[in-house]
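Numbering of the sequence shown is given in the numbering used here, commencing with residue 24 and proceeding in unit increments. For each residue, glycine too, the CB sits at the ideal point set by N, CA and C. Model, not experiment: these values are computed from the prediction. To keep things clear, I will list the structure first and then write my remarks on it.
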Amino acid sequence: MSRVAVVTGGSRGIGAAISKALRAAGCKVAATYAGNDDAANAFKKESGIPVYKWDVSNTEASAAGLKQVEADLGPIEILVNNAGITRDSAFHRMTAEQWHAVINTNLNSLFNMTRPVIEGMRARKFGRIINISSINGQKGQFGQTNYSAAKAGDLGFTKALAQESAKLGITVNAICPGYIATEMVMAVSQEVREKSIIPQIAVGRLGEAEEIARCVVFLASDEAGFITGSTLSANGGQYMT
Ligand code: CAA
Numbered sequence: 024m025s026r027v028a029v030v031t032g033g034s035r036g037i038g039a040a041i042s043k044a045l046r047a048a049g050c051k052v053a054a055t056y057a058g059n060d061d062a063a064n065a066f067k068k069e070s071g072i073p074v075y076k077w078d079v080s081n082t083e084a085s086a087a088g089l090k091q092v093e094a095d096l097g098p099i100e101i102l103v104n105n106a107g108i109t110r111d112s113a114f115h116r117m118t119a120e121q122w123h124a125v126i127n128t129n130l131n132s133l134f135n136m137t138r139p140v141i142e143g144m145r146a147r148k149f150g151r152i153i154n155i156s157s158i159n160g161q162k163g164q165f166g167q168t169n170y171s172a173a174k175a176g177d178l179g180f181t182k183a184l185a186q187e188s189a190k191l192g193i194t195v196n197a198i199c200p201g202y203i204a205t206e207m208v209m210a211v212s213q214e215v216r217e218k219s220i221i222p223q224i225a226v227g228r229l230g231e232a233e234e235i236a237r238c239v240v241f242l243a244s245d246e247a248g249f250i251t252g253s254t255l256s257a258n259g260g261q262y263m264t
């Protein structure tokens, strides 16, 4: 699969595993990141995958960044909208800042990143757009009205764009990871994690980032052309839809 792929938030956590798996599958990969230069440089050094710094919640920065990637690597054929943040709080204490930060990064980024590449994909009659949503967009999560709303929005975006793109060789799918052993999940207090999260996971453990990356490689493959508008849950049996 020697295609050009962009992975947002691609230098850490689930994104880093996705970038590496796509590269191992033969893709030319660009990994974007927003702020952590040290982590991005370490990732680049270790993996050999080029990194690009911009904020996916910024419309102009995303368009400019994607233009640069295309100048460096060629037309983008696979887009993985993975970048995401949490600002957990009970809703009655949530600030407007916490709300908007999560909606901008986890939902508005799908417009910012997809709009600049969709016309090229339509013209070339091939594209793979994979949106990393979340179990918490499917079931809702105490403390995450902002995150659950954004991640549920990602699923609506996926289904609508899948319909618009289906006849043009472009598939649009979502993956809903459950709780994966990344910094984001480890930031939840150990007490909450061990008492109220892990006991709900049927397989009895957190997931591994590579387990999500393998789902992405499958959906990105040429062979997955009949799968579009779908939501692939990878949550260890925590929530069955
Ligand atoms: N369901 C019902 N009640 C809950 C609850 C839950 N899931 N979680 C907490 N409560 C209750 C507590 O028992 C407590 O009740 P009492 O006052 O009667 O004791 C009350 O709500 C307040 O709880 P906290 O003391 O925890 O309140 P807090 O304000 O300190 O923290 C919180 C609130 C930030 C939401 C914290 O509970 C928390 O971090 N929860 C985890 C949220 C979570 O799962 N985030 C996922 C992050 S990872 C991710 O998002 C990746 C992904 O896609 C899966």
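For the ligand CAA, I want to know if residue i counts as a neighbour, meaning its beta carbon is within less than 7 Å of at least one of the ligand's heavy atoms.
| i | result |
| --- | --- |
| residue 201 | yes |
| residue 166 | yes |
| residue 81 | no |
| residue 159 | yes |
| residue 111 | yes |
| residue 140 | no |
| residue 256 | no |
| residue 262 | no |
| residue 144 | no |
| residue 132 | no |
| residue 195 | no |
| residue 117 | no |
| residue 136 | no |
| residue 212 | yes |
| residue 27 | no |
| residue 72 | no |
| residue 244 | no |
At a Cβ threshold of 8 Å, is residue i touching chain B?
| i | result |
| --- | --- |
| residue 198 | In the structure shown, chain B cannot be found, because there is only a single protein chain. |
Indicate whether residue i and residue j have their beta-carbon atoms separated by less than 8 Å.
| i | j | result |
| --- | --- | --- |
| residue 258 | residue 200 | yes |
| residue 203 | residue 232 | yes |
| residue 126 | residue 172 | yes |
| residue 137 | residue 102 | yes |
| residue 99 | residue 143 | yes |
| residue 47 | residue 237 | no |
| residue 56 | residue 63 | yes |
| residue 113 | residue 33 | no |
DSSP puts residue i in a beta bridge; with which residues?
| i | result |
| --- | --- |
| residue 199 | 256 |
| residue 155 | 198 |
| residue 102 | 29, 152 |
| residue 227 | According to DSSP, which records beta bridges pairwise, residue 227 is partnered with nothing at all. |
| residue 74 | 54 |
| residue 108 | Paired residues: none, contrary to the question. |
| residue 193 | 150 |
| residue 167 | 112 |
How many whole angstroms separate the CB atoms of residue i and residue j, which I take to be in contact at a CB cut-off of 8 Å?
| i | j | result |
| --- | --- | --- |
| residue 243 | residue 40 | So it is not a contact: roughly 14 Å between Cβ atoms. |
| residue 106 | residue 38 | 7 Å |
| residue 255 | residue 198 | 5 Å |
| residue 51 | residue 96 | 5 Å |
| residue 159 | residue 170 | 6 Å |
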